[in-house]
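Written below as structure tokens is the structure these notes are about.
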Amino acid sequence: MSERAPSRRRPVGGRRERPGAVAQGVAAATLIIAVLTAASRVLGFLRETVYASVFGASPELDAFLVAQGVPNLILGMVSTAIATAATPVLAGYVAAGRRGEAARSFSALANAVLVVVVPALALLGVLAEPVVRWMAPGFGPEQVRLAAGLTRLLLVASLFVTVMNLLTGLLHAHRRFTGPAATGIPFNLAMIAAAAFFGTTYGPWALAAGFTVGSLLRILIQLPEARWVGFRHRWLLDWDDPGLRTIAGLLPPLFLGAAVSEVNVFVDRMVGSTLGEGIISALNYAFRVVTLPHGLVAMALVQAVYPSLGAVAEAGDGAAFRRLLQRGMGALAVGLAPMTVALVVLRDPIVAFVYGRGRFDAQDAALTALALAAYGLGLVPMALRDLANRALYAARDSRTPARVAVVAMGVNVAGDLVLGPWLGITGLALATTLSFTTGLVLLVAHLDRRYGAVDVGGLLASTGRVAMAAAASGVAMHGAYRALLAHWQIHPSALADGAAGAAVELALVAGPGAVGCVAYLLALVVLRSPEVTDLVEAGRRLLDRACGAAATARPGMRRTGSP
Numbered sequence: 150m151s152e153r154a155p156s157r158r159r160p161v162g163g164r165r166e167r168p169g170a171v172a173q174g175v176a177a178a179t180l181i182i183a184v185l186t187a188a189s190r191v192l193g194f195l196r197e198t199v200y201a202s203v204f205g206a207s208p209e210l211d212a213f214l215v216a217q218g219v220p221n222l223i224l225g226m227v228s229t230a231i232a233t234a235a236t237p238v239l240a241g242y243v244a245a246g247r248r249g250e251a252a253r254s255f256s257a258l259a260n261a262v263l264v265v266v267v268p269a270l271a272l273l274g275v276l277a278e279p280v281v282r283w284m285a286p287g288f289g290p291e292q293v294r295l296a297a298g299l300t301r302l303l304l305v306a307s308l309f310v311t312v313m314n315l316l317t318g319l320l321h322a323h324r325r326f327t328g329p330a331a332t333g334i335p336f337n338l339a340m341i342a343a344a345a346f347f348g349t350t351y352g353p354w355a356l357a358a359g360f361t362v363g364s365l366l367r368i369l370i371q372l373p374e375a376r377w378v379g380f381r382h383r384w385l386l387d388w389d390d391p392g393l394r395t396i397a398g399l400l401p402p403l404f405l406g407a408a409v410s411e412v413n414v415f416v417d418r419m420v421g422s423t424l425g426e427g428i429i430s431a432l433n434y435a436f437r438v439v440t441l442p443h444g445l446v447a448m449a450l451v452q453a454v455y456p457s458l459g460a461v462a463e464a465g466d467g468a469a470f471r472r473l474l475q476r477g478m479g480a481l482a483v484g485l486a487p488m489t490v491a492l493v494v495l496r497d498p499i500v501a502f503v504y505g506r507g508r509f510d511a512q513d514a515a516l517t518a519l520a521l522a523a524y525g526l527g528l529v530p531m532a533l534r535d536l537a538n539r540a541l542y543a544a545r546d547s548r549t550p551a552r553v554a555v556v557a558m559g560v561n562v563a564g565d566l567v568l569g570p571w572l573g574i575t576g577l578a579l580a581t582t583l584s585f586t587t588g589l590v591l592l593v594a595h596l597d598r599r600y601g602a603v604d605v606g607g608l609l610a611s612t613g614r615v616a617m618a619a620a621a622s623g624v625a626m627h628g629a630y631r632a633l634l635a636h637w638q639i640h641p642s643a644l645a646d647g648a649a650g651a652a653v654e655l656a657l658v659a660g661p662g663a664v665g666c667v668a669y670l671l672a673l674v675v676l677r678s679p680e681v682t683d684l685v686e687a688g689r690r691l692l693d694r695a696c697g698a699a700a701t702a703r704p705g706m707r708r709t710g711s712p
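Structure follows, in structure tokens:
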């Protein structure tokens, strides 16, 4: 909605914005947002490596992660969902030139949220210990007391995060994206500094303090843009405000989706706490590795395809919608399959290279590697599920993703309860992968049955080609990895305790990885996979847009007199 608003809004002073200038501005802004988002994700990944070095996969870090999850019971179900619902409503006011009404509705919304959230956080502080016992039944008395104390400190951060989410919704409604995209940078820097400089002395309390300071910084970095759009908060509470009532009407499915996500994490950690110390930490480390390619590669493509899906859906062009979705799914599968193979085959050197230092010992590495392989199998289903969800949103169908998320949650919970005690940490990670896969199958089936938007035969054929190429890649990757181990006379388990240097660990990832990618591409060429051409064309277009955005940004800077 906000992307189409400029064409409907009358420019101030009667001057029309030139379409070329608008397109150039959007391209430049998109490039800036992509850079900021990538920087934030890389810093988040670095944050986890610092955690591993200082804490390893320890009971103390387990306690911090559980404490972090307690306030998320409110944050995930309240502030994030409300901010998401508020954005289109406020954007509608802004696009219509009714900024005063947007500011009034936002103030009423923020005050209403605080009226609900503050007492809830206070109640959680009082009930911290019983809540921790419920969320982590495997914790001993000392670990429960530690997690409860950390929870009470993190509740302050939760209030900051609530305000930050609301500000993000306001700025997105005004088509201001730089501040929200940059919030992860100061947060991650604060967490890295807290862990690196104070973690050894103060333990997980340093992380809780860093989380609180970083959450405050996420508010402060958005305030300049909030003032730029002319927002001034008003301490009013008007339950009959039309904007507030409209936002409230959009909340039920969003609450459901947020609740499903939090329940999955909650059950993972609840069962993990009963399987031994360090299980929760190792799951967290492994999932962070998987979410790096997902965030940098998969979500970049999903976000690029989403506006086009919305445009063709709005135009009622079913054939174009089907073609675009099919090509997007094929490109995701082709691009992420070799990464999946690497996460499974090269799990030991990847974990050793990323985390293998400081207190992160051989046992921590073994646990994390097991989880990484199981999570890695879910990389492609997770990405395809995200694209299928966006396709349904583009078709103005938000109910189906919510219903599917509930079913997938049931699969995850059942998998945790059955596979966790049976297979340990591998079972918990596999339950998540099965949940992603179930959600994908149900979404694709609905897209085919309801909208005719999926060529099931073509999708299966593409999946078969990718699977055969991935198998060839896996064989080549495994052979190269074993050859290097034999050449350097290194045992895989020795990597976890630092016997091999970082350069050797990197070589054990990069060398076999490169061999596997070459084998993968050759197999795709032999199989005459059309997705290879799509990826090459997409990469060329992305490079052209990035170069064009950079070229148009420089003249704009000279016009404003900036250096």
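Under our numbering, the residues of the sequence shown are numbered 150 to 712, in order.
Glycine included, each C-beta is placed from N, C-alpha and C at the ideal position.
Checklist line | N-terminal and C-terminal residue of the alpha helix (DSSP H) that LEU320 is part of | finding: 290-322
Item checked: Every unbroken beta strand (DSSP E) inside the region 548-572 [3 residues or more] -> none
Item checked: Per-residue burial, THR682 [other beta carbons within 10 Å of its own, 16 or more giving buried] -> With a 10 Å radius around the Cβ and a threshold of 16 neighbouring Cβ atoms, THR682 comes out exposed.
Notebook entry, point to check: Out of ALA625, ALA234 and LEU276, which has the shortest C-alpha to C-alpha gap to ALA407?
Noted result: Answer by Cα proximity: ALA234.
Notebook entry, point to check: Given that a residue counts as buried once 16 or more other Cβ atoms are within 10 Å of its Cβ, and exposed if not, what is THR350?
Noted result: Classification of THR350: exposed, given that the 10 Å Cβ count is below 16.
Next item on the list: Consult DSSP for SER228 and reduce its assignment to one of helix, strand or coil.
Entry: helix
Margin query: On the criterion of 16 or more Cβ atoms from any shown chain inside 10 Å, does ALA468 qualify as buried, or is it exposed?
Written below: By the neighbour-count definition (other C-beta atoms within 10 Å, threshold 16), ALA468 is an exposed residue.
Notebook entry, point to check: Using a Cβ-Cβ cut-off of 6 Å (strictly less than) and excluding sequence neighbours within five positions of LEU541, which residues of its own chain qualify?
Noted result: Excluding positions up to five away in sequence, the list reads THR549 and PRO550.
Next item on the list: May I ask you to verify whether the region 571-586 touches the region 615-628, counting CB pairs closer than 8 Å and requiring at least 3?
Entry: no
Next item on the list: Apply the 10 Å Cβ neighbour rule to PRO353 and answer buried if 16 or more other Cβ atoms are within range, or exposed otherwise.
Entry: PRO353 comes out buried.
Check: Looking only at its own chain, which residues have a Cβ that is under 8 Å from the Cβ of TYR242, when we skip the five neighbours before and after it?
Finding: Closer than 8 Å at Cβ, skipping near neighbours: ARG248, GLU250, ALA251, SER254, ALA322 and GLY392.
Notebook entry, point to check: In whole angstroms, what separates the C-alpha of ALA629 from that of VAL494?
Noted result: ALA629 and VAL494: Cα-Cα distance of roughly 11 Å.
Next item on the list: Can you say whether HIS125 is buried or exposed, counting buried as having 16 or more other CB atoms within 10 angstroms of its CB?
Entry: The structure shown does not extend to residue 125, since the chain is modelled only from 150 to 712, so the question has no answer here.
Item checked: Residue from VAL446, VAL451 and LEU473 whose Cα sits closest to the Cα of VAL461 -> LEU473
Checklist line | Alpha-carbon to alpha-carbon, SER364 and ASP387 | finding: 28 Å
Check: Are the beta-carbon atoms of ASP211 and GLU426 separated by less than 8 Å?
Finding: yes
Note to self: Given a cut-off of 8 Å on the beta-carbon distance, is the pair GLY525 and VAL446 in contact?
What the structure shows: no
Check: CA-CA distance, GLY246 and ARG324?
Finding: Rounded to the nearest whole angstrom, the C-alpha separation of GLY246 and ARG324 is 13 Å.
Check: Short check: CB of VAL275 to CB of THR300, under 8 Å?
Finding: no
Next item on the list: With DSSP as the reference, label ASP513 as helix, strand or coil.
Entry: helix
Check: Do GLY318 and LEU239 have their C-beta atoms within less than 8 Å of each other?
Finding: yes
Check: In chain order, what residues of the same chain lie with their CB nearer than 6 Å to the CB of ALA259, ignoring the 5 residues before and after it?
Finding: LEU315
Note to self: Assuming the contact rule is C-beta atoms closer than 8 Å, ASP535 and VAL414 should be a hit. Round their C-beta distance to whole Å, please.
What the structure shows: Not quite, the Cβ-Cβ distance comes to about 17 Å (not below 8 Å), so this is no contact.
Next item on the list: Decide if PHE309 is buried, meaning its Cβ has at least 16 other Cβ atoms within 10 Å, or exposed.
Entry: It is buried - the Cβ of PHE309 has at least 16 other Cβ atoms within 10 Å.
Notebook entry, point to check: How many angstroms separate the CA atom of VAL175 from the CA atom of ALA188?
Noted result: With a pLDDT of 43 at VAL175, under the threshold of 50, the predicted position of this residue should be treated as unreliable, though the coordinate-derived value follows. Roughly 20 Å separates the two Cα atoms.
Item checked: 4-residue-minimum alpha helix (DSSP H) runs that sit fully inside the region 193-253, ordered along the chain -> 208-223 and 229-244
Next item on the list: Inspect the beta-carbon positions of LEU185 and ILE368 and report whether they are closer than 8 Å.
Entry: With contacts defined by Cβ atoms closer than 8 Å, LEU185 and ILE368 do not form a contacting pair.
Check: Under 8 Å, do PRO220 and MET419 count as touching if we go by C-beta distance?
Finding: no
Notebook entry, point to check: Since LEU104 contacts ALA343 with CB under 8 Å, what's their CB separation in whole angstroms?
Noted result: It is not possible to answer for residue 104, since the shown part of the chain is limited to 150 through 712.
Next item on the list: Can you tell me which of GLU463, VAL500, SER584 and LEU481 puts its alpha carbon nearest to the alpha carbon of LEU533?
Entry: LEU481
Check: Can LEU400 and ALA261 be called in contact, C-beta distance under 8 Å?
Finding: no
Next item on the list: Closer than 8 Å by C-beta to THR361: which residues in its own chain qualify, once you throw out the five before and the five after it? Chain order, please.
Entry: LEU302, LEU303, VAL305, ALA306 and PHE309
Margin query: Ignoring anything shorter than 4 residues, give me the alpha helix (DSSP H) runs that lie fully in the region 365-420, in order along the chain.
Written below: 372-377
Check: Which whole runs of the alpha helix (DSSP H) in the region 458-497 are 4 residues long or more, in chain order?
Finding: Here the runs fully enclosed are 467-494.
Next item on the list: Determine whether the Cβ of LEU541 lies closer than 8 Å to any Cβ atom of chain D.
Entry: Absent here is chain D; the protein component of the structure consists of one chain.
Item checked: Among TRP283, MET284, ARG190 and SER202, nearest to ARG506 - alpha-carbon criterion -> SER202
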